Amino acid sequence: MINTTKQIDDRISGGRLGYMVGMRESKKRTYDDGCAAAHALDLVGERWALLVVRELLLGPKRFTDLRAGLPGASPNVLSQRLRELEGAGILRRRKLPPPAASRVYELTGWGEELEPVIVRLGRWGARSPSKPRDAALGVDSLVLSFRTMFDPRAAEGFRASYELRFGEDRFHAVVDDGRFEISRGSANGPDAIVEADSDTLAGLIYAGRPLAEAEEAGDLKIEGDRSAVERFLGLFPLPEPAPPAEA
Numbered sequence: 001m002i003n004t005t006k007q008i009d010d011r012i013s014g015g016r017l018g019y020m021v022g023m024r025e026s027k028k029r030t031y032d033d034g035c036a037a038a039h040a041l042d043l044v045g046e047r048w049a050l051l052v053v054r055e056l057l058l059g060p061k062r063f064t065d066l067r068a069g070l071p072g073a074s075p076n077v078l079s080q081r082l083r084e085l086e087g088a089g090i091l092r093r094r095k096l097p098p099p100a101a102s103r104v105y106e107l108t109g110w111g112e113e114l115e116p117v118i119v120r121l122g123r124w125g126a127r128s129p130s131k132p133r134d135a136a137l138g139v140d141s142l143v144l145s146f147r148t149m150f151d152p153r154a155a156e157g158f159r160a161s162y163e164l165r166f167g168e169d170r171f172h173a174v175v176d177d178g179r180f181e182i183s184r185g186s187a188n189g190p191d192a193i194v195e196a197d198s199d200t201l202a203g204l205i206y207a208g209r210p211l212a213e214a215e216e217a218g219d220l221k222i223e224g225d226r227s228a229v230e231r232f233l234g235l236f237p238l239p240e241p242a243p244p245a246e247a
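If you count by UniProt numbering, then the sequence shown holds residues 1 to 247, one letter each, in order.
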């Protein structure tokens, strides 16, 4: 009988047998087309593959963190995608030093080159007339949407730094005269600190929820320059929806 611990380790870290099976399945699912775009889809076109990459764009994650960010993916499917992406050289596994001593997944340099692809794909998808407007956004998805939707013209001549707090997650955002950067981690002396959950902040930015309403409901807490927060909320306009298909 196979040891339970080994089963879990093989599922999460990718045992040799699972890896070989995964590679055989990958070889079966190919467009067999000489176009480089078709080959790219061979590598990242399977369901959940690009979303795994999305989840790693803001830094390394453990398997359990990826599961939390992609709750619709079963453990087996997620493990399969991770093995395939690792085999393709898009991500790698790394063991953190003590006291953490846990394994994380991180993008390779080549894998990081997919960020502009995901950003452009997200902006294209945001124009879809059929996109669900009330679907929940995870923390990383929301943060990456800021990179996608940021309008440099709206930030011309404006400078401010922020710390965004989502539970235990911290992000440092900087707006600098038409440029925008955001990364995981606390800010040093920010102009404002914004504390909320991802749905609340998404509603404020993308659905026009009034700031005062969120504060009165206890969904939002602001420390520091309130006017800087009000300006921040207007830096990410959604693109115009694409015209609906003709009947």
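All C-beta atoms in this analysis are idealised placements derived from N, C-alpha and C, irrespective of residue type, glycine included. Bear in mind that the values here come from a model prediction, so they are computed numbers and not experimental data.
Problem set entry | Counted within 10 angstroms of its Cβ, other Cβ atoms place T64 as buried (16 or more) or exposed | For the purposes of this step, residue 64 is taken as residue 64 along the sequence shown, with counting starting at 1. Its Cβ having fewer than 16 others within 10 Å, T64 is exposed.
Problem set entry | Residue(s) in a DSSP beta bridge with Y206 | In the sequence shown, the residue the question calls residue 206 occupies position 206. DSSP lists no partner for Y206.
Problem set entry | C-beta contact flag for L220 and A196 at 8 Å | Start at 1 with the first residue of the sequence shown, and residue 220 comes out as number 220. Start at 1 with the first residue of the sequence shown, and residue 196 comes out as number 196. Taking 8 Å as the Cβ cut-off, L220 and A196 qualify as a contacting pair.
For this session: Please name the residue, chosen from P237, L164, V139 and G178, that lies closest to D199 on a Cα-to-Cα basis.
Result: Numbered from its first residue, the sequence shown carries residue 199 at position 199. Of the candidates P237, L164, V139 and G178, the one whose C-alpha sits nearest the C-alpha of D199 is V139.
For this session: Determine the burial state of V21: buried for a count of at least 16 other Cβ atoms within 10 Å of its Cβ, exposed for fewer.
Result: Within the sequence shown, numbered from 1, the residue matching residue 21 stands at position 21. For V21, the pLDDT reaches just 42, beneath the cut-off of 50, and the residue's location in the model is therefore unreliable, although a value from the coordinates is still provided. Result: exposed.
Problem set entry | At least 3 beta-carbon pairs within less than 8 Å: the segment 69-85 vs the segment 121-130 | no
Exercise. Roughly how many angstroms lie between the CA atoms of L67 and V52, to the nearest whole one?
Worked result: As a working mapping, residue 67 is identified with position 67 in the sequence shown. As a working mapping, residue 52 is identified with position 52 in the sequence shown. Here the sequence assigns Arg to residue 67, which means Leu is not the residue at that position. Distance between the alpha carbons of R67 and V52: 10 Å.
Problem set entry | Alpha carbon of A160 to alpha carbon of R92, nearest angstrom | Taking the sequence shown and counting its residues from 1, the one referred to as residue 160 is at position 160. Taking the sequence shown and counting its residues from 1, the one referred to as residue 92 is at position 92. Looking at the two C-alpha atoms, the distance is approximately 35 Å.
Problem set entry | When R209, A212, Y31 and L142 are compared against I182, the one with the closest alpha-carbon | The residue labelled residue 182 in the question sits at position 182 within the sequence shown. The residue with the shortest Cα to Cα distance from I182 is L142.
Exercise. Can you list, in chain order, the residues of its chain whose CB lies under 8 Å from that of D42, leaving out five sequence neighbours each side?
Worked result: Locating residue 42 in the sequence shown gives position 42, where the first residue counts as 1. Within the same chain, D42 has close Cβ partners S26, R29, T30 and Y31.
Exercise. Among the residues of its own chain, which have a CB less than 6 Å from the CB of K95, if the five just before and after it don't count?
Worked result: The residue given as residue 95 occupies position 95 in the sequence shown. The answer, listed in chain order, is R103.
For this session: Compare the C-alpha of I90 against each of A73, L57 and D191 and name the closest.
Result: If you number the sequence shown from 1, residue 90 lands on position 90. The option with the nearest alpha carbon to I90 is L57.
Exercise. Tell me which same chain residues have a C-beta within less than 8 Å of the C-beta of A101, skipping the five on either side of it?
Worked result: Indexing the sequence shown from 1 puts residue 101 at position 101. Result list for A101: K95, in chain order.
Exercise. When the Cα atoms are used, what is the spatial distance from M23 to V119?
Worked result: Counting from one through the sequence shown, the residue named residue 23 turns up at place 23. Counting from one through the sequence shown, the residue named residue 119 turns up at place 119. Residue placement at M23 is poorly supported in this model, since its pLDDT is 46, which falls under 50; the coordinates still yield a value, given next. Cα to Cα, the separation comes out at about 28 Å.
Exercise. Which first and last residues belong to the alpha helix (DSSP H) in which G69 is found?
Worked result: Here residue 69 refers to the residue found at position 69 of the sequence shown. Where G69 is concerned, the enclosing alpha helix (DSSP H) stretches over F63 to G69.
For this session: Taking the CB atoms as reference points, tell me whether E55 and L70 lie closer together than 8 Å.
Result: Taking the first residue of the sequence shown as 1, we reach residue 55 at position 55. Taking the first residue of the sequence shown as 1, we reach residue 70 at position 70. Cβ distance < 8 Å, so E55 and L70 count as in contact.
Exercise. Can you name the start and end residues of the beta strand (DSSP E) that D140 belongs to?
Worked result: Taking the sequence shown and counting its residues from 1, one reaches residue 140 at position 140. Run containing D140: none in the beta strand (DSSP E); it sits in the alpha helix (DSSP H), V139 to M149.
For this session: Report the option in R231, L144, L204 and G167 whose CA atom is closest to the CA atom of E156.
Result: To locate residue 156, count along the sequence shown from 1; it is residue 156. If we check each option's Cα against that of E156, R231 comes out closest.
For this session: Starting from the C-beta of R133, find all residues in its chain whose C-beta is less than 6 Å away, skip the five residues before and the five after it, and write them out in chain order.
Result: Working through the sequence shown from its first residue, we reach residue 133 at position 133. No residues qualify anywhere along the chain.
Problem set entry | Inter-residue spacing [alpha-carbon to alpha-carbon] between Y162 and I193 | One-based indexing of the sequence shown puts residue 162 at position 162. One-based indexing of the sequence shown puts residue 193 at position 193. Rounded to whole angstroms, Y162 to I193 spans 6 Å at the Cα level.
Problem set entry | Rounded separation between A49 and G218 - CA only | Against the sequence shown, residue 49 aligns to sequence position 49. Against the sequence shown, residue 218 aligns to sequence position 218. Approximately 37 Å, taken between the alpha carbons.
Problem set entry | Closest Cα partner of N188 within the set F171, L144 and G203 | Looking up residue 188 in the sequence shown gives position 188. N188 has its Cα closest to that of F171, out of F171, L144 and G203.
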